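Chemist:
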Amino acid sequence: MFKVLLVDDEPNVRMGVKMMIPWEDIDCEIIGEADDGDDGLSKIMTLQPDIVIADIKMPGKTGIEMTEAAKALGFKGKVIILSGYSDFAYAKTAIALGVENFILKPVDEDELTEAIRSAGEKILSEQEKKYRQRIGSEYLHEQQIKGLFAGDGVHIADAASAGVFSSYCAAVVGFDEADAAAEGSAAVRRFYEDKENVDIVTLDISGILGLLFRDWDYSGITASLEGLNADLGQKAFIACGRLVDSPADICLSYNDAKAIYSNKFVYRHYDVMTYESYISRIDRTSEEKDYASQIYAYMEINDTEKLAGLLDTYMESMFTGDITPEKAKISCITLLMEIRSKIVRSASDKKPETLVSDDFVADISELGSLREIIGEIKKCLVNISDTCFSKTTKSNMERVVQYIRANYNRELRLEMLAQIFGYNSAYLGKVFHQYTGENFNNYLDEIRITEAKRLLSQEDYKVYEVAEMVGYSNINYFHNKFKKYVGSSPLSYKKSFGRDD
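The structure is reproduced here in structure tokens:
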């Protein structure tokens, strides 16, 4: 509704105007009254009405003087003058000041109503014109920024001639949920509305935004983007390109941000990924490491804290130059399949629901970020660890011995056990000897040879197959160890039970 202020030194006139006009019908409301020109000027500047209806002859300032003073102070509203004088000089002065209408008293209801309606229509027309001009100006400005992002020569030249800045930096902001884009976009614009030298453009229909910082240092940009992320409730992913010193290189900064954003699946858990952080990660080479065996080892001893930490390390290891969402998903699924195989081999008595199901694998492949996938894998493996390998009241040494007996067929070293159970290897060797009465290597050999004897005497495996099954990759080494503990070769021992190799 249009806001109307009445200014007249006669209370009866003010009351008459209030009563005679159908204010709601013409979309108006009276927001105040003043009884002289000085009070009228004060209320005009305080209340900022859309329309002022004022008497021409009042104590203090006249209606004309009040209007002139208000216009000088920047008042943009419409003024309708009521006058008991038909003096042409008054009307001429009023017209020169941009007064909307000059109505003689006694006031005619229809004439004043039409004057107010006409003033409202002009206000709407002016607002629409300003809106079109603003939208047009914003559109042209957005096109210029997009041109700079694209490396367009014309826009680069325009930017260079418009002003020289010491630095430029582009960033891209995208939202996790498509239906949150409109609200998020408005929030980003509000966040930067009182900050200088930041341009914001909408890059596509999904609501992804492009930001251009001018004359900001990189630490200030990073801090600002982190503040923006917090303001958005961490529901956005923000990618920031390199800092450049020329309008011609803005496209390089934008391409950096776009490349980082295209890997949102991998880097989403960082919320704000800067060019410097991105480069430090993609320059690394992938480290070959048997994560499945280490993770499964922590599952077996039910050390869920180390299990979770190792999965975080595994996730970090994927941040290399050639990582893609597809490769990351394949790596995660492969890891799960390897762990599932280990569970099947060593925990065959466990119920099927304790395994990694095919449905679970399918479900995580549909998740939107690497962080979400790793989070679900953590919950799944911790649950399996708690179900299959829950801790008991056993001492640490009992758990070490139990682990060796369950994994003798793997490549076991004292250093590896020390890492799994959180010991210094020298200390573990000493404590292990005190607990078992034997050193680690002898204890492991005895378990392996005992199992080898069982397989050779009761099963139809060849000697080299038995060697591999009990943890010896070198057949000659197995032969020597077997003869040391049994007194005969593996083949002779097998034949003594009437079995040929």
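In my numbering, the protein residues as written are 98 to 598. Ideal placement from N, C-alpha and C gives every residue a C-beta, glycine not left out. Note that the coordinates shown come from a computational prediction; the quantities given were computed from them, not determined experimentally.
Out of Glu556, Arg437, Leu509, Lys550, state which residue places its alpha-carbon closest to the alpha-carbon of lysine 581.
Modeler: Along the sequence shown, read from residue 1 onward, the residue named residue 581 stands at position 484. For the options Glu556, Arg437, Leu509, Lys550, the alpha carbon positioned closest to that of lysine 581 is the one of Lys550.
Chemist: Ordered along the chain, which non-local residues of its own chain (more than five positions away) have a Cβ less than 6 Å from that of isoleucine 318?
Modeler: Here the question's residue 318 lines up with position 221 in the sequence shown. Answer for isoleucine 318: Cys266, Phe310, listed in chain order.
Chemist: Counting along the chain, where does the beta strand (DSSP E) carrying asparagine 198 start and finish?
Modeler: Residue 198 sits at position 101 when you count from the first residue of the sequence shown. Start and end: 198-201.
Chemist: Could you name each continuous beta strand (DSSP E) segment of 3 residues or more that falls completely within the region 364-436, going from the start of the chain to the end?
Modeler: The region 364-436 is shown to contain whole beta strand (DSSP E) runs of 3 or more residues at 369-371, in chain order.
Chemist: Counting along the chain, where does the beta strand (DSSP E) carrying threonine 299 start and finish?
Modeler: To locate residue 299, count along the sequence shown from 1; it is residue 202. That run of the beta strand (DSSP E) goes 295-299.
Chemist: Among the candidates Asn577, Ile470, Leu325, whose CA atom is the shortest distance from the CA of arginine 365?
Modeler: Working through the sequence shown from its first residue, we reach residue 365 at position 268. Minimum Cα distance to arginine 365 is reached at Ile470.
Chemist: Any contact between the region 325-336 and the region 426-445? By contact I mean 3 or more CB pairs, one from each, below 8 Å.
Modeler: no
Chemist: Assuming contact is defined by CB atoms lying nearer than 9 Å, are serine 350 and aspartate 312 in contact in what I supplied?
Modeler: Residue 350 sits at position 253 when you count from the first residue of the sequence shown. Residue 312 sits at position 215 when you count from the first residue of the sequence shown. Cβ distance not < 9 Å, so serine 350 and aspartate 312 don't count as in contact.
Chemist: Where proline 146 and lysine 355 are concerned, what is the direct C-alpha to C-alpha distance, given to the nearest angstrom?
Modeler: Locating residue 146 in the sequence shown gives position 49, where the first residue counts as 1. Locating residue 355 in the sequence shown gives position 258, where the first residue counts as 1. Their backbone Cα atoms lie some 47 Å apart in a straight line.
Chemist: Am I right that leucine 170 and isoleucine 128 are in contact with their C-beta atoms under 8 Å? What's the rounded C-beta distance?
Modeler: Locating residue 170 in the sequence shown gives position 73, where the first residue counts as 1. Locating residue 128 in the sequence shown gives position 31, where the first residue counts as 1. Actually they do not touch by this definition, with Cβ atoms about 18 Å apart.
Chemist: Mapping DSSP to helix, strand and coil, what is leucine 245?
Modeler: Within the sequence shown, numbered from 1, the residue matching residue 245 stands at position 148. In the structure shown, the three-state DSSP call for leucine 245 is helix.
Chemist: With distance defined between alpha-carbon atoms, name the residue in Ala166, Lys168, Phe199 nearest to glycine 181.
Modeler: Sequence index remark: in the sequence shown, residue 181 carries index 84 (1-based). Closest by alpha carbon: Phe199.
Chemist: Which residue's Cα is closest to the Cα of proline 108: Cys125, Asp132, Val528, Ile392?
Modeler: What you label residue 108 is simply residue 11 of the sequence shown in a count that begins at 1. Measuring from the Cα of proline 108, the nearest candidate turns out to be Asp132.
Chemist: Report yes if the CB atom of glutamate 206 is closer than 9 Å to the CB atom of isoleucine 118, and no otherwise.
Modeler: Here residue 206 corresponds to residue number 109 of the sequence shown, with the count starting at 1. Here residue 118 corresponds to residue number 21 of the sequence shown, with the count starting at 1. Yes; because the gap between Cβ atoms is below 9 Å, this pair is in contact.
Chemist: Excluding sequence positions up to five away, which residues of its chain have a Cβ less than 8 Å from the Cβ of leucine 404?
Modeler: Position 307 of the sequence shown, counted from the start, is the residue given in the question as residue 404. Taken in chain order, the residues that qualify are Ile392, Tyr395, Met396, Lys475, Leu478, Val479, Ser482.
Chemist: Mapping DSSP to helix, strand and coil, what is phenylalanine 262?
Modeler: On the sequence shown, residue 262 is found 165 positions in, with the first residue counted as 1. Three-state DSSP puts phenylalanine 262 in coil, outside helix and strand.
Chemist: According to DSSP, simplified to helix, strand and coil, what is leucine 170?
Modeler: By 1-based counting over the sequence shown, the position of residue 170 is 73. Coil.
Chemist: Nearest-angstrom Cα distance between histidine 576 and lysine 527?
Modeler: Numbered from 1 along the sequence shown, position 479 holds the residue referred to as residue 576. Numbered from 1 along the sequence shown, position 430 holds the residue referred to as residue 527. Using only the alpha carbons, I get a separation of about 28 Å.
Chemist: Should glycine 307 be labelled buried (16 or more other beta-carbon atoms within 10 Å of its own) or exposed?
Modeler: Here residue 307 is taken as the residue at index 210 of the sequence shown, counted from 1. Classification for glycine 307: buried.
Chemist: Measure the Cβ-Cβ separation of alanine 284 and leucine 322 and say whether it is below 9 Å.
Modeler: Walking along the sequence shown from the start, residue 284 turns up at place 187. Walking along the sequence shown from the start, residue 322 turns up at place 225. No, these two residues do not count as a Cβ contact at 9 Å.
Chemist: If you draw a straight line from the C-alpha of isoleucine 461 to the C-alpha of asparagine 294, how long is it?
Modeler: In the sequence shown, residue 461 corresponds to position 364, counting from 1. In the sequence shown, residue 294 corresponds to position 197, counting from 1. Looking at the two C-alpha atoms, the distance is approximately 42 Å.
Chemist: Tell me the DSSP secondary structure of phenylalanine 529 in three-state form.
Modeler: Indexing the sequence shown from 1 puts residue 529 at position 432. Note: phenylalanine 529 maps to helix in three-state DSSP.
Chemist: Identify whether lysine 84 lies in helix, strand or coil by the three-state DSSP scheme.
Modeler: In the structure displayed, the chain extends from 98 to 598; residue 84 sits before or after that span and is not available.
Chemist: Mind checking who arginine 311 pairs with in its DSSP beta bridge?
Modeler: Here the question's residue 311 lines up with position 214 in the sequence shown. DSSP lists Tyr265 as partners of arginine 311.
Chemist: Of the choices Ser390, Lys439, Thr421, whose alpha-carbon is the least far from that of glutamine 41?
Modeler: With the chain running from 98 to 598 in the structure shown, residue 41 is simply not present.
Chemist: Please state whether DSSP places valine 498 in a helix, a strand or coil.
Modeler: Here residue 498 refers to the residue found at position 401 when the sequence shown is read from its first residue. Three-state result, valine 498: helix.
Chemist: For valine 176, which beta-bridge partners are listed by DSSP?
Modeler: Within the sequence shown, residue 176 is the residue found at index 79, counting from 1. Valine 176 pairs with Val149.
Chemist: Taking the C-alpha atoms as reference points, what is the distance between leucine 511 and tyrosine 505?
Modeler: Against the sequence shown, residue 511 aligns to sequence position 414. Against the sequence shown, residue 505 aligns to sequence position 408. Taking the straight line from one Cα to the other gives about 12 Å.
Chemist: Looking only at C-alpha atoms, which of Glu508, Arg214, Arg111 sits nearest to isoleucine 123?
Modeler: As a first step, residue 123 is located in the sequence shown; it is residue number 26 there, counting from the start. From the listed residues Glu508, Arg214, Arg111, the smallest Cα separation to isoleucine 123 is found for Arg214.
Chemist: Can you look up isoleucine 347 in the DSSP assignment and give me helix, strand or coil?
Modeler: In the sequence shown, residue 347 corresponds to position 250, counting from 1. Here isoleucine 347 sits in helix by DSSP.
Chemist: Please classify phenylalanine 529 as buried or exposed, where buried requires at least 16 other C-beta atoms within 10 Å of its C-beta.
Modeler: Your numbering for residue 529 matches position 432 in the sequence shown. Label assigned to phenylalanine 529: buried.
Chemist: Use the C-beta contact count for leucine 179: other C-beta atoms within 10 angstroms, 16 or more gives buried, fewer gives exposed.
Modeler: Here residue 179 refers to the residue found at position 82 of the sequence shown. Buried, by the Cβ-count rule.
Chemist: Please report the distance separating the alpha-carbon of lysine 100 from that of glycine 217.
Modeler: As a working mapping, residue 100 is identified with position 3 in the sequence shown. As a working mapping, residue 217 is identified with position 120 in the sequence shown. Whole-angstrom Cα-Cα distance: 10 Å.
Chemist: Taking C-alpha atoms, which residue in Asp456, Ile398, Glu556 lies nearest to phenylalanine 486?
Modeler: Mapped onto the sequence shown, residue 486 falls at position 389. For the residues Asp456, Ile398, Glu556, the minimum Cα distance to phenylalanine 486 belongs to Ile398.
Chemist: Mapping the DSSP letters down to three states, classify arginine 468 as helix, strand or coil.
Modeler: By one-based count along the sequence shown, residue 468 stands at place 371. In the three-state reduction of the DSSP assignment, arginine 468 falls in the helix class.
Chemist: Who are the near neighbours of glutamate 473 in its chain, counting only those whose CB is closer than 6 Å to its CB and skipping five residues on each side?
Modeler: As a first step, residue 473 is located in the sequence shown; it is residue number 376 there, counting from the start. Excluding residues within five positions, the ones whose Cβ falls inside 6 Å are Ile461.
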